[in-house]
Amino acid sequence: MIEFQNVTKLYGETVGLDDFSLSVSEPGVYCLLGRNGAGKTTLMKLLAGHIEATSGSVCVFGREVSLLHSPDSVHYMESGAAQFNVRLETLFKYARSVNPGFDAPFALRMAKRFKLDLRKRYKQLSFGMKTMANTLISVSSGKDILLLDEPVLGFDPIMRRTFYDLLQESCAEKPRVVIVSTHIIDEIAKIAERLIIIDEGRLVLFCGMSEIGERAYLVVGPAELVTAATEGLRVIGETTAGGFLSRSVYDRRIPDSDKYTVSALSLQDFFVGLVGNEMEGM
Ligand SMILES: Nc1ncnc2c1ncn2[C@@H]1O[C@H](COP(=O)(O)OP(=O)(O)OP(=O)(O)O)[C@@H](O)[C@H]1O
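Each step along the sequence shown adds one to the number in full-length UniProt numbering, with nothing skipped, and position 268 is 268.
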């Protein structure tokens, strides 16, 4: 479906992606994580054919993507790019006329759930509502590959919950690849099936969410016992307080013990441990 092969994207001397390879072959929700400037938007723009790789290739359904061949199966709306001066109802009609696959009934259902007033002009919407309108048009696009760049930016917690429910409903109705980039990590963790982490333009991790649940955990207890129990394992973060050591581990599980506690690591803590510590050379 999607194939990045040794893709490097340079903006002058700045690295957007660096020898990046990734192969996505199954539908599902993919959570794309990376720090600011890691290359998430660059990845999406390359996939949508909005920019071209400096070297390497990007293919969608076996066809190489370029500025001249942007894939019809991909929907991507650059955040902040749109400044329509029309009512939302007109915008939906427009979306339908340029894309016959646009699922208008679903878009209307979503707008109702989001309490979005379709008679309002796009320009008059609040920041969160504009994101909502963009997100809604994207999810209703009917395309096989959806790229959602910060789709819940400016949403209140209730709207975010509504969005995740609707995305799940939409994917159940029509399975497809949905790549979601967000900094609100633990919320997307609840619905994503797979995880892509990039850092400084490079792929750091690509795995199933269940693997994180199995292999990422926290061990807390007396320092010498925790040190011994986690010896040889990949420790991605640690803190000490009063003779107690707390270690975040990404490796095989260790057995439970009454000498220390082993508990689940949130995706956010896992991400911070993995990427934050690597940046500091751990
Ligand atoms: N048009 C551009 N011109 C110059 N440099 C750019 C351009 N677009 C992106 N970059 C640089 O490429 C790198 C990756 O940027 P990108 O926008 O892909 O990151 P991101 O992961 O989406 O970040 P964020 O989470 O902050 O949105 C950054 O160093 C950024 O400054």
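Cβ atoms here follow ideal geometry from the backbone N, Cα and C, with glycine treated the same way.
- Taking a C-beta distance under 8 Å as the contact criterion, A111 and L136 qualify as a contact pair.
- According to DSSP, residue pairing for K130 in a beta bridge does not occur.
- Short of 6 Å from the beta carbon of M44, and not among the five residues preceding or following it, lie these beta carbons of its own chain, in chain order: Y76, L147 and D149.
- Per DSSP, the continuous beta strand (DSSP E) segment holding R247 begins and ends at F244 to Y250.
- A Cβ-Cβ separation of about 11 Å leaves G273 out of contact with I212 under the 8 Å criterion.
- By the Cβ neighbour-count rule, I158 is exposed, with fewer than 16 other Cβ atoms within 10 Å of its own.
- With 5 Å as the limit between CB and the heavy atoms of ligand 1, the residues that fall short of it are Y11, T14, G16, G34, N36, G37, A38, G39, K40, T41 and T42.
- When only Cα atoms are considered, E193 and F20 end up about 21 Å apart.
- Under the three-state reduction of DSSP, L67 is assigned to coil, being neither helix nor strand.
- Here E214 has R253 as same chain residues with Cβ atoms under 8 Å from its own Cβ, once five neighbours each way along the sequence are excluded.
- For T162, the enclosing alpha helix (DSSP H) has its first and last residue at P157 to E173.
- Judged by their CB atoms, I198 and K93 are not nearer to each other than the 8 Å cut-off.
- For L17, the enclosing beta strand (DSSP E) covers residues T14 to V24.
- In this structure, DSSP gives E89 a helical state, which the three-state scheme calls helix.
- The C-beta of T42 has 16 or more other C-beta atoms within 10 Å across all chains shown, which makes the residue buried.
- Taking all protein chains shown into account, A216 has 16 or more neighbouring C-beta atoms within 10 Å of its C-beta and is therefore buried.
- Put simply, the backbone Cα of L10 is about 16 Å away from that of L67.
- Closest in C-alpha terms to F206, from the list E187, I179 and G232, comes I179.
- Taking V29 as the centre and dropping the five residues before and after it, the same chain places the C-beta of V178, I191, A192 and E193 closer than 6 Å to its C-beta, in chain order.
- A Cβ-Cβ separation of about 12 Å leaves N85 out of contact with K130 under the 8 Å criterion.
- The three-state reading of DSSP puts Y76 in strand, counting E and B together.
- Between F102 and G128, the C-beta gap is not smaller than 8 Å, which leaves the two residues out of contact.
- Taking the Cα positions, D186 is about 20 Å away from R247.
- Spatial neighbours of I188 in its own chain (CB-CB distance under 7 Å, excluding positions within 5 residues in sequence) are listed in chain order as C31, V180 and T182.
- The residue among L203, D258 and Y250 with its C-alpha nearest the C-alpha of D269 is Y250.
- When DSSP states are grouped into helix, strand and coil, Y260 belongs to the coil group.
- In the three-state scheme derived from DSSP, where H, G and I count as helix and E and B as strand, E187 is classed as helix.
- CA-CA distance, T239 to G34, rounds to 23 Å.
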